[in-house]
Ligand code: CP
């Protein structure tokens with residue numbers, strides 16, 4: 167087995183393999199019988215130390231569709247709430263014969279630490295502002311599904327890049343796969359060093375969105391913003407909010423994405439969120455297939471050629 171900590175060190179071939187297997191998994195998910203028990207007899211623990219709706223539920227469904235036993239642990243319902251350390255929690259879970267731990271944490275590097283502390287396969291489901299690899303994989307999957315490929319596509323990521331693990335993983339993945347990545351946001355939510363990641367930075371969202379194939383709107387992370395340096399919600403919505411007027415500058419067939427959860431009316435207008443060129447619901451749907459591919463490839467191994475689809 168192999169860990170999935172992020173996309174920074176992933177190769178384009180590895181990303182392509184996950185996306186190819188995810189395509190097969192999507193056929194399974196859309197079929198009458200979603201159970202393909204390649205992980206029968208395996209145990210997966212979802213250790214989520216930050217809130218989640220999409221990632222946790224889709225990892226749980228993905229594991230169950232593959233026949234694994236999946237359980238969920240949260241700090242308030244576990245002995246972490248009584249002060250048990252992160253390391254002791256990991257050791258305790260690994261003594262139970264766990265094959266994989268899917269982990270979300272507010273601490274950057276927590277999954278890397280876990281790989282050194284215990285034996286199970288570690289899958290990063292979001293660590294602070296560092297990486298959220300399965301979100302980026304499902305984002306790339308959703309773009310390919312609608313646009314055919316990533317190569318040369320202008321993808322604009324708008325918003326709070328600084329606090330966004332989704333943005334970082336998206337940037338690593340999209341640039342490796344040949345997309346033309348642009349970032350837009352207030353100066354306090356973007357730092358110039360990001361240009362070293364092979365992206366173009368804009369502070370004028372209208373300029374950024376011009377001729378875009380894809381506009382990926384990020385959530386303003388109110389829980390990570392505690393400073394007067396940031397715009398107020400009203401300023402942000404007025405200057406950087408994505409609405410039909412801004413999108414009129416993009417390509418006619420622009421697709422709109424958002425990782426969720428949305429602050430509707432803040433970073434994205436409600437009419438855009440539920441527009442037929444928005445794939446936000448499809449992103450959620452694709453999350454299950456992509457996480458099935460990740461669990462299959464990390465825990466079971468192989469290249470997916472045994473899959474019937
Ligand atoms: N996109 C995402 O990670 O959503 P959750 O926080 O609900 O898992």
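Residue numbers (the working numbering): 167 to 475.
A virtual CB, placed ideally from N, CA and C, is assigned to each residue, including glycine.
Keep in mind the model is a prediction, meaning the values are calculated, not measured.
**Request:** Using 7 angstroms as the cut-off, classify the Cβ of residue 175 as near or not near the heavy atoms of the ligand CP, replying yes or no.
**Result:** Locating residue 175 in the chain shown gives position 9, where the first residue counts as 1. No; taking the cut-off as 7 angstroms, the Cβ of residue 175 has no heavy atom of the ligand CP nearer than that.
**Request:** For residue 255, collect the residues of the same chain with a Cβ closer than 6 angstroms to its Cβ; drop the 5 residues on either side in sequence, then sort them by chain order.
**Result:** By 1-based counting over the chain shown, the position of residue 255 is 89. The answer, listed in chain order, is 246.
**Request:** With a 10 Å radius around its C-beta and 16 neighbouring C-beta atoms as the bar for buried, classify residue 424 as buried or exposed.
**Result:** As a first step, residue 424 must be located in the chain shown, where it is residue number 258. That one is buried.
**Request:** When you get a sec, list the residues whose CB is within less than 7 angstroms of any heavy atom of the ligand CP, chain order please.
**Result:** 217, 218, 219, 220, 221, 222, 292, 298, 301, 332, 425, 426 and 427
**Prompt:** Which of the three DSSP states, helix, strand or coil, is assigned to residue 292?
**Reply:** In the chain shown, residue 292 corresponds to position 126, counting from 1. Residue state, collapsed to three classes: strand.
**Request:** Measure the CB-CB distance between residue 185 and residue 297 and report whether it falls below 8 angstroms.
**Result:** Residue numbering aside, residue 185 sits at position 19 when the chain shown is read from its first letter. Residue numbering aside, residue 297 sits at position 131 when the chain shown is read from its first letter. Not in contact: residue 185 and residue 297 (Cβ atoms no closer than 8 angstroms).
**Item:** One or two residues paired with residue 382 in a DSSP bridge
**Value:** Here the question's residue 382 lines up with position 216 in the chain shown. In DSSP, residue 382 forms a bridge with 323 and 423.
**Request:** Please go through the same chain and pick out, in chain order, the residues whose beta-carbon is closer than 6 angstroms to the beta-carbon of residue 342, but skip the five residues on each side of it.
**Result:** By one-based count along the chain shown, residue 342 stands at place 176. So the list reads 178, once near-sequence residues are dropped.
**Request:** May I have a chain-ordered list of the beta strand (DSSP E) segments no shorter than 3 residues that lie completely inside the stretch 421-469?
**Result:** 421-423
**Message:** With three or more beta-carbon pairs closer than 8 angstroms as the criterion, would you say the stretch 444-459 touches the stretch 222-231?
**Reply:** Short answer: they touch.
**Item:** Endpoints, alpha helix (DSSP H) assigned at residue 405
**Value:** On the chain shown, residue 405 is found 239 positions in, with the first residue counted as 1. Per DSSP, residue 405 belongs to the alpha helix (DSSP H) from 399-406.
**Prompt:** Which residues does DSSP pair with residue 214 in a beta bridge?
**Reply:** Looking up residue 214 in the chain shown gives position 48. DSSP output for residue 214 lists 270 as bridge partner(s).
**Item:** Sequence-distant residues of its chain with Cβ nearer than 6 angstroms to residue 302 (five each side left out)
**Value:** To locate residue 302, count along the chain shown from 1; it is residue 136. Excluding positions up to five away in sequence, the list reads 173, 335, 336 and 339.
**Message:** Under 8 angstroms, with one C-beta from each stretch per pair, do the stretch 263-276 and the stretch 209-216 reach the 3-pair mark?
**Reply:** yes
**Prompt:** Given residue 284, which residues of its chain have a CB within under 7 angstroms of its CB, disregarding the five upstream and five downstream residues?
**Reply:** Position 118 of the chain shown, counted from the first residue, corresponds to residue 284. Cβ neighbours of residue 284 beyond the five flanking positions: 256, 257 and 260.
**Message:** Does residue 308 pass the burial test, meaning 16 or more other C-beta atoms within 10 Å, or should it be called exposed?
**Reply:** Taking the chain shown and counting its residues from 1, the one referred to as residue 308 is at position 142. By the neighbour-count rule (16 or more Cβ atoms within 10 Å), residue 308 is buried.
**Outcome for residue 492 when other beta-carbon atoms lying within 10 angstroms are tallied against a minimum of 16** = Outside the shown range of the chain (167 to 475) lies residue 492, about which nothing can therefore be said.
**Message:** Can you look up residue 235 in the DSSP assignment and give me helix, strand or coil?
**Reply:** In the chain shown, the residue the question calls residue 235 occupies position 69. Note: residue 235 maps to strand in three-state DSSP.
**Message:** Quick check: what's the CA-CA separation for residue 430 versus residue 329?
**Reply:** Within the chain shown, numbered from 1, the residue matching residue 430 stands at position 264. Within the chain shown, numbered from 1, the residue matching residue 329 stands at position 163. Going from the Cα of residue 430 to the Cα of residue 329 covers about 19 angstroms.
**Asked** Name the DSSP bridge partner or partners of residue 368?
**Response** Along the chain shown, one-based indexing puts residue 368 at 202. Residue 368 is bridged to 350.
**Request:** State yes or no: is the C-beta of residue 410 within less than 8 angstroms of the C-beta of residue 437?
**Result:** In the chain shown, residue 410 corresponds to position 244, counting from 1. In the chain shown, residue 437 corresponds to position 271, counting from 1. Between residue 410 and residue 437, the CB-CB gap stays under 8 angstroms.
**Sequence-distant residues of the same chain with beta carbon closer than 7 angstroms to residue 417, five excluded per side** = Position 251 of the chain shown holds residue 417. Only 377, 378 and 379 meet the Cβ criterion.
**Prompt:** Helix or strand or just coil, what does DSSP make of residue 287?
**Reply:** Position 121 of the chain shown, counting from 1, holds the residue named residue 287. In the structure shown, residue 287 sits in a strand (DSSP, three-state: E or B).
**Message:** Quick check on residue 317: does DSSP put it in helix, strand or coil?
**Reply:** For the purposes of this step, residue 317 is taken as the residue at position 151 of the chain shown. Three-state DSSP puts residue 317 in coil, outside helix and strand.
**Message:** Considering just the uninterrupted stretch of the alpha helix (DSSP H) at residue 191, what are its terminal residues?
**Reply:** Walking along the chain shown from the start, residue 191 turns up at place 25. In the DSSP assignment, residue 191 falls within the alpha helix (DSSP H) that extends over 178-195.
**Asked** What is the rounded straight-line gap between the Cα of residue 295 and the Cα of residue 390?
**Response** Here residue 295 refers to the residue found at position 129 when the chain shown is read from its first residue. Here residue 390 refers to the residue found at position 224 when the chain shown is read from its first residue. Spanning the two alpha carbons is a distance of roughly 9 angstroms.
**Asked** The alpha helix (DSSP H) spanning residue 337 covers which residue range?
**Response** In the chain shown, counting from the first residue as 1, residue 337 sits at position 171. Run containing residue 337: 331-342, per the alpha helix (DSSP H) assignment.
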